[in-house]
Amino acid sequence: MTHTESHITDYRVYGWVLLALLILTTITITVTWIDLSALTVLVALIIASVKSFIVLRYFMHLKFESRLFTVFVVMVLSIYILVIALTFFDYLLR
Amino acid sequence: MHRDDIGAKLGMWLFIFTEILLFGGLFLVYAVMRHRYADEFHQAAHQLNAFIGTVNTVVLLLSSATVAMSITAVQKGEKRKGVLFILVTLICAGIFLFNKYFEWGHKFSIGLYPGSDMMIGLKHGYILFFSLYFFMTGLHVLHLIVGSIILTVIMIRIQSGSINKERYVLLENGGLYWHLVDLIWIFLFPLLYLIT
């Protein structure tokens, strides 16, 4: 099976994606200056997750690949999050 | 000769999944230890330079954009742009490495490194924070170096023409690996540098 993907992403799309990522980075930094104690970590993680989503979808091309790739990524991330949740369930209830 | 570009790309993704779980395990350790030694982690993080961390974040994000652009260039048959974009990516990697050298060098010079007398004498939470810092950023930088070597090979092959618009899955896979390096840093940065 030779290369069938024909979608060529325009340079400008990558430019916009980079801009979005830089803006989100700025937001992350400014938010951490506001002390929300426990909530700060959560906000930082949420923003990092949004950045990751953008990198996965556009830079890593998941939007334009076969949906199978996205399914795999979602599966692996779900397993990982489950591991974190289970670990904390154990740890917090000791 | 039989070629399977989608299979090749899938293989790279499978490898990326193993890397996610590798760093994921370290992040898990960080999460539990941070919960347990919240104050000490918070204090210890003051030793890190958030400005350098920010510069490194910006540089890596830029490098991800340029490696993606290199793929577009090769797809369009624009060989020179393809090579140039990878070169910019490599320069960004160099800047990141240079910053790391500064950061770690400073810490080493004040006696802060894994196993040092100073570190052994610190409170438990501090030891954990710095150990995680050195291990995670060290492992990350190792991946960055490997990624740079791979991208250098790819750049040479674009120049020579063995990577071209009919055949560029190697470039795509190298790009995917590079984006992984970026993704890891996207999480490392706030969790290590911005918890003050």
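Here the protein sequences come in this chain order: A and B. At position 78 of the first sequence (counting the first as 1) the number is 78 in the working numbering, and the numbers step up by one without a gap. At position 7 of the second sequence (counting the first as 1) the number is 101 in the working numbering, and the numbers step up by one without a gap. Beta carbons: idealized from backbone N, C-alpha and C, even for Gly.
| If you measure beta-carbon to beta-carbon, which residues of the segment 73 to 91 of chain A are closer than 8 Å to chain B? | Flagged, chain order: Val73, Val76, Leu77, Tyr80, Val83, Ile84, Thr87, Phe88, Tyr91.
| said: Closer than 8 Å between beta carbons: that is the criterion. Which residues of the segment 138 to 158 of chain B meet it against chain A? | reply: Ala144, Thr148, Thr151, Val152, Leu155, Leu156, Ser158
| Pair within 8 Å by beta-carbon distance, B:Leu287 and B:Leu142 | First, the residue type needs correcting, since residue 287 of chain B is Tyr and not Leu in the sequence shown. Yes, Cβ-Cβ distance for B:Tyr287 and B:Leu142 is below 8 Å.
| message | Spatial neighbours of B:Leu305 within its chain, please: C-beta separation below 6 Å, excluding the five flanking residues on both sides. | response | Only positions 95 to 290 of chain B appear in the structure, and residue 305 of chain B is not among them; the question remains open.
| task | Kindly say whether A:Ile23, judged by its beta-carbon, lies nearer than 8 Å to any beta-carbon of chain B. | result | no
| said: Residues of chain A with CB closer than 8 Å to the CB of B:Thr166, please, in chain order. | reply: Ile8, Thr9, Asp10, Tyr11, Tyr14
| request: Mark B:Ile278 as exposed unless 16 or more other C-beta atoms lie within 10 angstroms of its C-beta, in which case mark it buried. | output: buried
| request: Using a cut-off of 7 Å between C-beta atoms, extract the partners of A:Lys51 located in chain B. | output: Contact annotation for A:Lys51 against chain B: Ile280 [CB-CB distance below 7 Å, chain order].
| Can you tell me where the alpha helix (DSSP H) with A:Ser38 in it begins and where it stops? | Contrary to the premise, residue 38 of chain A reads as Ala rather than Ser in this sequence. Residues 38 to 54.
| query | Is the number of C-beta pairs between the segment 176 to 194 of chain B and the segment 149 to 166 of chain B that are closer than 8 Å three or more? | reply | yes
| task | Identify the contact partners of B:His273 in chain A, using a Cβ-Cβ distance below 7 Å as the criterion. | result | Val55, Phe59, Met60
| query | Does the segment 113 to 122 of chain B touch the segment 167 to 176 of chain B, meaning 3 or more C-beta pairs lie closer than 8 Å? | reply | no
| query | Since B:Ser164 is in the alpha helix (DSSP H), which residue starts that stretch and which ends it? | reply | 144 to 169
| Would A:Val17 count as contacting chain B if we go by Cβ distances under 8 Å? | Yes - at least one Cβ of chain B is within 8 Å of the one on A:Val17.
| query | Hey, how far is the Cα of B:Leu191 from the Cα of B:Gly199? | reply | 12 Å
| Secondary structure of A:Thr2, DSSP reduced to three states | Annotation note: pLDDT 44 at A:Thr2 (below 50); position unreliable, coordinate value reported separately. Coil at A:Thr2, not helix or strand.
| To which residues does DSSP link B:Leu261 through a beta bridge? | Before going on, a small fix: residue 261 of chain B reads as Arg here, not Leu. For B:Arg261, which the question treats as bridged, DSSP gives the partners B:Asn258.
| message | Just to confirm the assignment, what range does the alpha helix (DSSP H) spanning A:Tyr80 have? | response | From DSSP, the alpha helix (DSSP H) with A:Tyr80 extends over 67 to 92.
| task | Determine, using beta carbons only, whether B:Ala144 and B:Asn267 come nearer to each other than 8 Å. | result | no
| field | Positions along the segment 110 to 123 of chain B whose CB lies within less than 7 Å of some CB in chain A | value | Phe111, Ile114, Leu115, Gly118, Leu122
| said: Against B:Val126, what residues of chain A qualify as contacts under a CB-to-CB distance less than 7 Å, listed in chain order? | reply: Thr87, Tyr91
| field | Chain-order list of residues whose beta-carbon lies under 7 Å from that of A:Ile84 (same chain, five-residue window excluded) | value | none
| task | Flag this pair as touching only if the segment 11 to 31 of chain A and the segment 43 to 56 of chain A have three or more C-beta atom pairs under 8 Å; answer yes or no. | result | yes
| query | Taking 8 Å as the CB-CB cut-off, is B:Trp198 touching chain A? | reply | no
| query | Would DSSP call A:His61 helix, strand or coil? | reply | coil
| query | Are any of the Cβ atoms in chain B nearer than 8 Å to that of A:Phe69? | reply | yes
| Separation of B:Ile248 from B:Ser210, as counted between CA atoms | 40 Å
| message | Considering Cα atoms alone, identify which of A:Asp10, A:Tyr80, A:Val17, A:Ser66 is closest to B:Val152. | response | A:Val17
| From B:Glu197 to B:Asn150, what does the alpha carbon distance come to, in whole angstroms? | 11 Å
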